[in-house]
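Novice: Residue numbers (the UniProt record's numbering), protein chains in the order written: chain A, 1 to 193; chain B, 1 to 193; chain C, 1 to 193; chain D, 1 to 193. For every residue, glycine included, the Cβ atom is placed at its ideal position computed from N, Cα and C. Every value quoted in this text rests on a predicted model; they were computed, and no experiment measured them. Would you mind keeping the following structure in view while I ask a few things?
Protein chains: 4
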Amino acid sequence: MEDKKARIIQAAIEVLSSKGIEKTKVSDIVKRAGIAQGTFYLYFPSKLAVMPSIAEVMVQKTLSYLEKNVDPEAAIQEQLQVLIRTVFQLQNEEREKTALLFAGLASSEYLKEWESIYAPYYKWMSTLLGKAQARGTIRSSLDVNRTARLLIGIIESAAEQIYLYDQIDEMEAKVQTDELYTFIKHALGIEVL
Amino acid sequence: MEDKKARIIQAAIEVLSSKGIEKTKVSDIVKRAGIAQGTFYLYFPSKLAVMPSIAEVMVQKTLSYLEKNVDPEAAIQEQLQVLIRTVFQLQNEEREKTALLFAGLASSEYLKEWESIYAPYYKWMSTLLGKAQARGTIRSSLDVNRTARLLIGIIESAAEQIYLYDQIDEMEAKVQTDELYTFIKHALGIEVL
Amino acid sequence: MEDKKARIIQAAIEVLSSKGIEKTKVSDIVKRAGIAQGTFYLYFPSKLAVMPSIAEVMVQKTLSYLEKNVDPEAAIQEQLQVLIRTVFQLQNEEREKTALLFAGLASSEYLKEWESIYAPYYKWMSTLLGKAQARGTIRSSLDVNRTARLLIGIIESAAEQIYLYDQIDEMEAKVQTDELYTFIKHALGIEVL
Amino acid sequence: MEDKKARIIQAAIEVLSSKGIEKTKVSDIVKRAGIAQGTFYLYFPSKLAVMPSIAEVMVQKTLSYLEKNVDPEAAIQEQLQVLIRTVFQLQNEEREKTALLFAGLASSEYLKEWESIYAPYYKWMSTLLGKAQARGTIRSSLDVNRTARLLIGIIESAAEQIYLYDQIDEMEAKVQTDELYTFIKHALGIEVL
DNA sequence: TATGAATGAGGCTTCATTCAT
DNA sequence: AATGAATGAAGCCTCATTCAT
């Protein structure tokens, strides 16, 4: 059943976030999933093959958070604020997960799947920008699809840096996100009064 | 001799870029470096211990390119253009290297060293921004240090995406970099006439 | 039904000849037989347990060919010629089968069944020799039962060698079989004028 | 050192003869050889890769026995008697070895090496026949090279049958070898008075 | 009688690291 | 400082067999 596949993915996410890709063994995953070692291979051809599924789940999670939190009718400024806050918060919650995951994906042959996994995320962001552009609240010169990627890229990269480089200092985090917010506001040509 | 250490690092870079972290074996590295298996351990305590050195070398390379190409006296617009072009070009040349490297670092315990390795890169960028700010060609409201990180983050992320997701299509690459350039110009508050 | 058992044996023969004993999996066999994995075990207690059945089928096949081709009334010379030709031809058709089969049997605990499987083959050959001896066309000093085994042994061994060691060269094959024929003719004391 | 390779082969022979190919594990071999598991793979690329070496050693052993026992100056009759006795005796001593080995070889990809491994054995036999032919004690019509193969084939096949099918009954064994001897004597056209 | 998902023991192999030379 | 043969722990995966349906 699909249920078992889901359980494997869930178990893999959990193990991965606590042990890191290098040290995650299939035996750990199956133990946590409560299945036999061989069963794993009924659903995934190899250890690395779970990675894309994990990424997918995580992107979905991010998206569902965003859809829940970001009011489609709100002003772009508020949307951005919520967006940034949500991504940072998720990044913070998931801690190692994102980095480890990327590491996992990068070291697998599944690197190329990244694109399709991120597709819904990009799409959501494009739509957001599209509406704002229609309303005239962001500059008309930008291309919504390409800018969607740039935005996601910069927000995630900023979020990663906070985790990676800084001790998580509430104060500093706040200042960073403000800087990021202002950066983006200007980039999008949002009127700053 | 230090020469041997350098040879190991160089060999490691080469092997890593062609095989990926997961499949890079110490035996490959030493073979390419033309030394004996045991010799590796005279210079590095473990396989993962080369990673930071590799990152350092690559950051240095990027920096030296930037220092050579970016005219400190030029207008910020031109500096940005050159900056973007250089990073994209390097990313393209190095292909998998960056991603694999990050993966390598991420999966090692050396993740935390990323900060210090990138320090000179951030510093260079800060200085660039600082000068522009002093000249009044970028908005005074931005914090040069934090913005330096954001800039490096977005440029690298954009460059990675081009390699990862798109077939490398000259035309599309051009459009992407233009979009990025405009994005940044706005973000920095550079006067667009 | 017995039909299903036969289908399993047939499938096993086919898989075995193309993949070799070591690489033949029960899953391959059932796939080819068009049945479920578990069904196999309703007809055979273990994987190795098909081996004797396979051998039996192949011996039967050989025998039926021989019975069809070798004229019981013909002169022993002609009978031998046909015999050799038939075995060589089968060996050639079946290619790896014989060797692989023997390997399969040998590596199983079923080695001892070989005797009973070959029994009808030996019997046929004994009868042939017996008649010739009664007619006085082969030497009276030979023991028909033991000689039957020797004959089958040498013919099969020669046939295997042709397949295994030599490139299958029509010309050489002809010369080999001639040499074998002459060898046997002398061994049996058939008058050579 | 070559010494270690030899030790591995020796250990493999011993383990193989007592456990059979299917049940022989690399771990058994290295344990008996007194080396580490990994060391095995410095000398052989895989478990199956020892098989040809084993076969080689066994052919060499047979040959050395034959060279020691068969008097090159003796009459062909006596040479044959000794030859048969020696092969049967070896077969008996080695018991499972030969069968298991063949099984091992057959189930490996090394089947084709059989030819080169047997080459010295064939050569020795050809020489023996050649001398006898020169002396005029065997029929001039036979081809020494091809007949050498036939002879080795029939003797080995007969020897195997004794082990495989019959309880080892001294009396019967004697009768079998006599029958074989007579068979061969006729086949070679040796004068029987 | 038939199914096929699930099992789980266990082997082969890899490869980072060591150490005697 | 350099070597490279030897080590051996450890993990991925296979696949014969079982069993609930």
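Give a yes or no on whether the minimum CB-CB distance between D:Q79 and chain C is below 8 Å.
Specialist: no
Novice: Please state whether DSSP places C:I21 in a helix, a strand or coil.
Specialist: coil
Novice: For B:M171, which of helix, strand or coil comes out of DSSP?
Specialist: Helix at B:M171.
Novice: In or out: B:Q89 buried (at least 16 other Cβ within 10 Å) or exposed?
Specialist: exposed
Novice: Going straight from the alpha carbon of D:E14 to that of D:V50, what length do you get?
Specialist: 12 Å
Novice: Is A:T62 close to chain B, meaning its C-beta is less than 8 Å from at least one C-beta of that chain?
Specialist: Taking Cβ atoms only, chain B never reaches closer than 8 Å to A:T62, which makes this a no.
Novice: Assign D:S53 to one of three DSSP states: helix, strand, or coil.
Specialist: helix
Novice: If you count every other CB in all the chains shown that lies within 10 Å of the CB of C:A12, and 16 or more means buried, which is it?
Specialist: buried
Novice: In whole angstroms, what is the alpha-carbon distance linking D:D143 and D:I84?
Specialist: 20 Å
Novice: Is it a yes or a no for the region 72–83 of chain B touching the region 22–35 of chain B, going by three-plus beta-carbon pairs under 8 Å?
Specialist: Result no; under three Cβ-Cβ pairs closer than 8 Å.
Novice: Run through chain D and tell me which residues come within less than 8 Å of C:Q176, C-beta to C-beta.
Specialist: What C:Q176 touches in chain D: R146.
Novice: Residues of chain C with CB closer than 7 Å to the CB of D:A158, please, in chain order.
Specialist: L150, G153
Novice: Counting only the same chain and skipping the five closest in sequence on each side, list residues whose C-beta sits under 6 Å from that of B:T137.
Specialist: Hits under 6 Å: I76.
Novice: Cβ closer than 8 Å: which chain B residues qualify as neighbours of A:S141?
Specialist: Within chain B, the residues near A:S141 are T182.
Novice: So, under 8 Å CB-CB, C:L180 and D:L151 are touching, yes? Tell me the CB distance rounded to an integer number of Å.
Specialist: With 8 Å as the limit, C:L180 and D:L151 do not qualify as a contact, their Cβ atoms being about 11 Å apart.
Novice: Enumerate, from N- to C-terminal direction, the unbroken alpha helix (DSSP H) stretches of 4 or more residues contained entirely within the region 58–145 of chain C.
Specialist: 76–94, 96–106, 114–135
Novice: Which whole-angstrom value describes the C-beta separation of D:Y121 and D:T62, a residue pair presumed to lie in contact below a C-beta threshold of 8 Å?
Specialist: 7 Å
Novice: Spell out whether any CB of chain C is found under 8 Å from the CB atom of residue 281 of chain D.
Specialist: With chain D covering only 1 through 193, there is no way to say anything about residue 281 of chain D.
Novice: For a cutoff of 8 Å on Cβ pairs, would you count A:G189 as touching chain B?
Specialist: At a cut-off of 8 Å, the C-beta of A:G189 has a neighbouring C-beta in chain B.
Novice: So with CB distances below 7 Å, who are the chain A contacts of B:Q161?
Specialist: R149, G153
Novice: Does the beta-carbon of C:S157 have 16 or more other beta-carbons within 10 angstroms, so that it is buried, or is it exposed?
Specialist: buried
Novice: Run down chain B in chain order and give the residues with a C-beta less than 8 Å from the C-beta of A:E179.
Specialist: L142, D143, R146, T147, L150
Novice: Is D:I190 helix, strand or coil by DSSP?
Specialist: coil
Novice: Quick one: residues in its chain with C-beta nearer than 7 Å to the C-beta of D:I9, no 5 flanking neighbours on either side, listed in chain order?
Specialist: Spatial neighbours of D:I9 in its own chain (CB-CB distance under 7 Å, excluding positions within 5 residues in sequence) are listed in chain order as V50, S53, I54, V57.
Novice: Indicate whether C:V87 and C:A187 have their beta-carbon atoms separated by less than 8 Å.
Specialist: Not in contact: C:V87 and C:A187 (Cβ atoms no closer than 8 Å).
Novice: Which residue's Cα is closest to the Cα of C:Y41: C:D178, C:K5, C:L128, C:N92?
Specialist: Ranked by Cα distance from C:Y41, the first of C:D178, C:K5, C:L128, C:N92 is C:K5.
Novice: Since I believe A:Y118 is in contact with A:L48 (beta carbons under 8 Å), could you give me their beta-carbon distance rounded to a whole number of angstroms?
Specialist: 19 Å between Cβ atoms; not a contact.
Novice: Express the C-alpha separation of B:S46 and B:T24 in angstroms, rounding to a whole number.
Specialist: Looking at the backbone, the Cα of B:T24 and that of B:S46 are separated by about 13 Å.
Novice: Which residue's Cα is closest to the Cα of D:M125: D:I155, D:S141, D:E113, D:W114?
Specialist: When only C-alpha atoms are compared, the closest one is D:I155.
Novice: Can you give me the Cβ contacts of C:V26 inside the same chain, cut-off strictly under 8 Å, excluding the 5 residues immediately before and after it?
Specialist: Within the same chain, C:V26 has close Cβ partners Q37, F40, K47.
Novice: Quick check: what's the CA-CA separation for D:Q91 versus D:Y163?
Specialist: 8 Å
Novice: Could you spell out the range, first to last residue, of the alpha helix (DSSP H) harbouring residue 199 of chain D?
Specialist: With chain D represented from 1 up to 193, any question about residue 199 of chain D goes unanswered, as that position is not in the structure.
Novice: With distance defined between alpha-carbon atoms, name the residue in B:T182, B:A134, B:A148 nearest to A:S140.
Specialist: B:T182
Novice: What residues in its chain sit with their C-beta under 8 Å from that of B:G130, if we drop five residues either side in the sequence?
Specialist: V144
Novice: C:I184 and C:L80 - do their beta-carbons sit closer together than 8 Å?
Specialist: For C:L80 and C:I184, yes; Cβs fall inside 8 Å.
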